[in-house]
Amino acid sequence: MTATRTAEELQALAERASGELAEATTDEAIRWAVEQFGDDLIVASNMQDAVLVDIVTKVKSDIDVLFLETGYHFAETLGVRDAVATIYPDVRIVNAQAEQSVAEQDAEYGPKLHDRDPNQCCHLRKVVPLQNTLAGYSCWITGVRRVDAPTRANTPIVTWDDRNGLVKVNPIAAWTDDEFNGYIDEHGILQNPLVHEGYLSIGCAPCTAKVAPGADPRSGRWAGKSKTECGLHA
Ligand code: SF4
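Following UniProt numbering, the numbering of the sequence shown begins with 1 at its first residue and continues without gaps.
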């Protein structure tokens, strides 16, 4: 079970597991993470759906779930977050917030920073709060999948997250869209209602658009803003 380990020990553990668990199933990867870290892990969710929360809680029900509360979310997304807390009562939602409110950010940087400099806006409202929250854990579990984007095509099951200084586990990295949607249908998993309105990749409201039928789901993120990643999974 978990014990306090140095960053060097965690990195060595992650690098060893990266090879040993390269072909691990989702269940094997999650069981390894829970066995290694116990309560010292957190599961990230953007509240587009509860797939990751569902599969991890089947192994450990009382997990911490990280939600980046940027202040710019759709009401539907906040509704999913609240519903997750009800459906999975042992889960603890950790709302990671920026140092400044949206109003304070507007006062310092001017309004609609997301339109003028989305990289800075994401840095202030996502990257820094993520780093601050992850500093309290030894492992985070994400729902990143290789099919999400070309930049994610080589996503490993287990890796060392050098920027944030902890182990990163991506248990559904190998899932196809059919497997993902099949899991939702088969298990009746909670999903953001905006998905059914054509929002196939949901982030902050000012940076999320409907996706044209047949188009890449991530084409709805930062449309027209020369940006495709928020920088969380660099
Ligand atoms: Fe700002 Fe848009 Fe990034 Fe949200 S997704 S933090 S609104 S730039």
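Just so it is clear, CB atoms sit at the ideal spot from N, CA and C, and this is done for glycine as well.
Contact check, residue i vs residue j, beta carbons under 7 angstroms
| i | j | result |
| --- | --- | --- |
| Lys60 | Val43 | no |
| Arg152 | Ile172 | no |
| residue 242 | Gly203 | This structure does not reach residue 242, given that the chain is present from 1 up to 234, and the question cannot be answered. |
| Gln11 | Trp175 | no |
| Arg92 | Asp49 | no |
| Ala96 | Pro129 | yes |
| Val147 | Ala17 | no |
| Asp125 | Ala149 | Checking the displayed sequence, the identity of residue 125 turns out to be Arg instead of Asp. No, these two residues do not count as a Cβ contact at 7 angstroms. |
| residue 270 | Val51 | No answer is possible for residue 270: it lies beyond the span of the chain, which begins at 1 and ends at 234. |
| Tyr88 | Thr57 | yes |
| Tyr137 | Asp40 | yes |
| Val167 | Ala29 | no |
Nearest neighbour of residue i, chosen from the options [CA to CA]
| i | options | result |
| --- | --- | --- |
| Gln191 | Trp140, Glu76, Leu166, Arg5 | Glu76 |
| Val127 | Leu68, Ile189, Ala50, Thr86 | Leu68 |
| Tyr183 | Asp54, Thr142, Leu113 | Asp54 |
| Asp62 | Thr70, Ala85, Gln100, Phe74 | Ala85 |
| Gly71 | Leu113, Thr6, Arg163, Ile157 | Leu113 |
| Phe74 | Pro193, Glu8, Trp32 | Pro193 |
Paired residues, beta bridge with residue i - DSSP
| i | result |
| --- | --- |
| Arg221 | Thr208 |
| Ile93 | Val65 |
| Cys139 | Leu41, Val167 |
Exposed unless 16 or more other CB atoms sit within 10 angstroms - verdict on residue i
| i | result |
| --- | --- |
| Arg81 | buried |
| Ala135 | exposed |
| Arg116 | exposed |
| Gly19 | exposed |
| Gly110 | exposed |
Self-check item: Distance cut 6 angstroms, beta-carbon to ligand 2 heavy atom: residue list by chain order
Solution: What this structure holds is ligand 1, not ligand 2.
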